[in-house]
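Numbering (mature numbering (1 follows the signal peptide of the UniProt record, and there is no 0)), first residue to last: -28 to -1, 1 to 200. Structure first, then comments.
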Amino acid sequence: MRNSSVLSLCVLSATACLAVFGAAPTFAAEPASAGRAATVSAQPWAVQAGPAGDVQRLNIGAGEQAAAGAQAPLPAEVLASAKCADSGTKAFRQEVLKLTNNYRAIGRYCGSTWYAATKPLAWSTELKRAANGHSRDMAKNNFFSHTGSNGSSMADRITDAGYRWSSAGENIAAGYDSVASVMDGWIKSPGHCANIMSSHYKDIGMACVPSTSADYSSYWTMDLAAPL
């Protein structure tokens, strides 16, 4: 059985990739198991059993609970959303910018922290290149982590793509079907939401690479940064 979906995030502190709550995350995904009960690990993660026993894993804050149960039907805008296979197209880019900047235009809580409305992000070809390379690496080599198969960090990949940054962040996800569904997953997770809402970032690039052989059907990367 293939896994359903998973989320993770990275924010840059000096040159270290840290979980938003300060603990170094464990990124190795557990295999899906039918009937697995919802549990909360020692790290800021939750394991949630989906409708067919598939596993969903999300970063969560202290005191939050992983709720097991059937998923609600997808709304029409999610069903009509750009898919993973559309990555690199104009429609994909436009939807990423529209959804991200719509979120940023309205103040919101990310967990217990309030983020005021902030300026829209601009699309960066360099950040998209970094995101695409990492998604391709995860899909090809069947892993889920902010550390690349060659040991690269988020900062390494963004720099190697030609972006000279002063601050940077990264959201990754796997198993989501569309731009709208992965964005909905990220905005509902406090740490991922904080990355999306951060006023420190000016630019964004995002990509998805599908897979028929890895643990997940799709590998998503969103890179956000501000230039020097």
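Ideal Cβ positions, reconstructed from N, Cα and C, are used throughout, including at glycine.
Who are the near neighbours of residue i in its chain, counting only those whose CB is closer than 7 Å to its CB and skipping five residues on each side?
i: S138; result: A198, P199 and L200
i: K100; result: G177, M178 and A179
i: R65; result: W95
i: G105; result: R129
i: F115; result: S121
i: A88; result: G79
i: S107; result: A179, C180, V181, Y191, W192 and T193
Mark residue i as exposed unless 16 or more other C-beta atoms lie within 10 angstroms of its C-beta, in which case mark it buried.
i: R136; result: exposed
i: S171; result: exposed
i: P162; result: buried
i: N113; result: exposed
i: A140; result: buried
i: S84; result: exposed
i: D109; result: buried
i: A186; result: buried
i: D175; result: buried
i: A44; result: Since pLDDT at A44 reaches only 47, below the 50 mark, its modelled position is unreliable, and the value read off the structure follows with that caveat. It is exposed - the Cβ of A44 has fewer than 16 other Cβ atoms within 10 Å.
Taking the DSSP output, what are the residues bridged to residue i?
i: A197; result: A140 and D175
i: P182; result: S190
i: R80; result: Y87
i: A145; result: L(-22) and W192
i: S150; result: K55
i: A94; result: D175
Please look up how many angstroms separate the CB atoms of residue i and residue j, rounded, as I've assumed it's under 8 Å.
i: L93; j: Y188; result: Wrong, their Cβ atoms sit about 26 Å apart, outside the cutoff.
i: A111; j: R129; result: About 15 Å separates the two Cβ atoms, so there is no contact after all.
i: Y75; j: I159; result: 6 Å
Please work out which residues of its chain come closer than 6 Å, Cβ to Cβ, to residue i, disregarding the five sequence neighbours upstream and downstream, and give them in chain order.
i: E98; result: A133, G134 and Y135
i: W86; result: none
i: T90; result: R76 and S171
i: A34; result: Caution applies to A34, whose pLDDT of 27 falls short of 50 and renders its modelled position unreliable; the value that the coordinates give is listed next. For A34, where only same-chain residues beyond five positions count, there are no Cβ hits under 6 Å.
Looking only at its own chain, which residues have a Cβ that is under 8 Å from the Cβ of residue i, when we skip the five neighbours before and after it?
i: A61; result: The question names Ala, but residue 61 is Thr in the sequence shown. Excluding sequence neighbours, T61 sits near A54.
i: E67; result: S53, A54, V151 and A152
i: A63; result: A54
- [ ] Specify whether the stretch 161 to 180 and the stretch 117 to 124 touch according to this definition: at least 3 beta carbon pairs, one from each stretch, less than 8 Å apart.
- [x] no
TODO: Would you check if there are 3 or more beta carbon pairs closer than 8 Å linking the stretch 189 to 198 to the stretch 143 to 150?
DONE: yes
Task: Touch test, the stretch 55 to 63 against the stretch 175 to 184, Cβ-Cβ under 8 Å, three pairs minimum - done: Using a Cβ-Cβ distance cut-off of 8 Å, the stretch 55 to 63 and the stretch 175 to 184 are in contact, since at least three pairs of beta carbons, one from each stretch, lie closer than that value.
Task: Cβ contact check for the stretch 149 to 156 and the stretch 67 to 76: 3 or more pairs under 8 Å - done: The stretch 149 to 156 is in contact with the stretch 67 to 76.
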